[in-house]
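Notes follow once the structure below has been shown.
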Amino acid sequence: MWAMQDGNLMPLADCKVSVLDRGYLFGDGVYEVARLYRGRPYLLTEHLDRLERSLEAMGMVGWNRRVCETRLRQLLDHAKPDSGLFYMQITRGAPSVRKHAFPSPAVDLAELMYVAPLAPHPEENYTHGCAVVTHEDIRWGRCHIKSINLLGNVFAAQYAKQRGAYEAVLVNKAGRVLEGSHTNLFWVRNGVLGTAPLTENILPGTTRDRVLSIASQQGIAVDYSPLSVEALKECDEVFITATTIEVMPVRSIDGEVVGEPGPVTNRLLRAYRDDVDRFLSIPA
Ligand SMILES: Cc1ncc(COP(=O)(O)O)c(C=O)c1O
161 MWAMQDGNLM PLADCKVSVL DRGYLFGDGV YEVARLYRGR PYLLTEHLDR LERSLEAMGM
221 VGWNRRVCET RLRQLLDHAK PDSGLFYMQI TRGAPSVRKH AFPSPAVDLA ELMYVAPLAP
281 HPEENYTHGC AVVTHEDIRW GRCHIKSINL LGNVFAAQYA KQRGAYEAVL VNKAGRVLEG
341 SHTNLFWVRN GVLGTAPLTE NILPGTTRDR VLSIASQQGI AVDYSPLSVE ALKECDEVFI
401 TATTIEVMPV RSIDGEVVGE PGPVTNRLLR AYRDDVDRFL SIPA
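Everything in the sequence shown is counted per the numbering used here, starting at 161 for the first residue and increasing by one.
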């Protein structure tokens, strides 16, 4: 696997990080994951836009988008990946002493990008839907930032794994569903598509956004009203979205069956894949 660390192309296994790096010490950094289809990053503009927003919200300065895009092109030209993913992380760098407050004067940000193969998801998750479980959201109050600080997500994902479920649906203190540990959540009631509103409590998913655009093109109405766990379990259809999984139907929630993938979910999954095909049909 190939990586580009601070502009240096090298095998991923050869990358080295200082033990004083603030990502390592404090989780003080941000990241992005984009999907590579036939070696081409889908929704790259949207991912880099979100990265810029994350950096701004973190008060991290000194990142240059044009330089990053050039480095990414060099990495892809060299690694020649097929399908897979592109991971990128930027931390607040490695000052000479460990102090909580931002380094002053600032030190160079540390940038890592690499391409990696994607482990395929079980096909039956798409044909019959996946199992999810609900879990209290114990994360911090800035979940719209794609921070590398992911302990709340990690705990929830592990909780799901231990129960044989594919994903954990995070529930706020008011009992409303927000998103998954690494996915956004959608539901369908009486033909109307629902999803949590964009607040500081969820990640503005690139796939979520594309699915909402597709829904609007197809004349599907969307409702952003908060939804309780009980109401979610009564919905006609439920699905999750993310860069690496696209649109995945949910079959059961906490062991209670929602049902086989429904018509709106299947339609959006097909349309999403058509959108990828359209992207691939445009010359690079
Ligand atoms: C908490 C969370 N929500 C949603 C998503 C989906 O975002 P995207 O569609 O941009 O992959 C992710 C992806 O990593 C995530 O970690």
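Don't be surprised by glycine CBs; every beta carbon is placed ideally from N, CA and C.
Check your understanding: Taking 7 Å as the cut-off, does the CB of G354 come closer than this to any heavy atom belonging to ligand 1?
Key -> no
Review point. Based on Cα-Cα distance, which residue from L387, T287, D181, G189 lies nearest to V410?
Key: T287
Point to revise | Collapsed DSSP secondary structure at H207 in the structure displayed | key: helix
Point to revise | Cβ neighbours of Q165 in the same chain (closer than 6 Å, five flanking residues each side left out) | key: C175, L272
**Study point:** Within 5 Å of ligand 1: residues by beta-carbon to any heavy atom
**Key:** E339, H342, N344, L363, G365, T366, T367, A402, T403
**Study point:** Rounded distance between the beta-carbons of E406 and Y432, thought under 8 Å
**Key:** 6 Å
Review point. Cα-Cα, which of L353, L169, L429, G199 is closest to L387?
Key: L353
**Study point:** Cut-off 7 Å between Cβ atoms - residues of its own chain near T403, not counting five sequence neighbours on either side
**Key:** V193, A194, R195, T366, T367
Point to revise | Contact set for G219: own chain, Cβ-Cβ below 7 Å, skip 5 residues either direction | key: F262
Point to revise | Range covered by the beta strand (DSSP E) that runs through V348 | key: 344-349
Exercise for review: Quick one: using the 10 Å Cβ neighbour count with 16 as the cut-off for buried, is D237 buried or exposed?
Suggested key: exposed
Exercise for review: Confirm, please, whether the CB-CB distance from S264 to L180 is below 8 Å.
Suggested key: no
**Study point:** Chain-order list of residues whose beta-carbon lies under 8 Å from that of R210 (same chain, five-residue window excluded)
**Key:** E192, K306, P364, T366
Check your understanding: Are the segment 315-322 and the segment 225-242 touching, with three or more C-beta to C-beta distances below 8 Å?
Key -> no
Check your understanding: For R438, does the three-state DSSP call read helix, strand or coil?
Key -> helix
**Study point:** Which of helix, strand or coil DSSP assigns to P201
**Key:** strand
Exercise for review: To the nearest angstrom, report how far apart W347 and N361 are at their CA atoms.
Suggested key: 18 Å
Exercise for review: Could you spell out the range, first to last residue, of the beta strand (DSSP E) harbouring Y274?
Suggested key: 270-276
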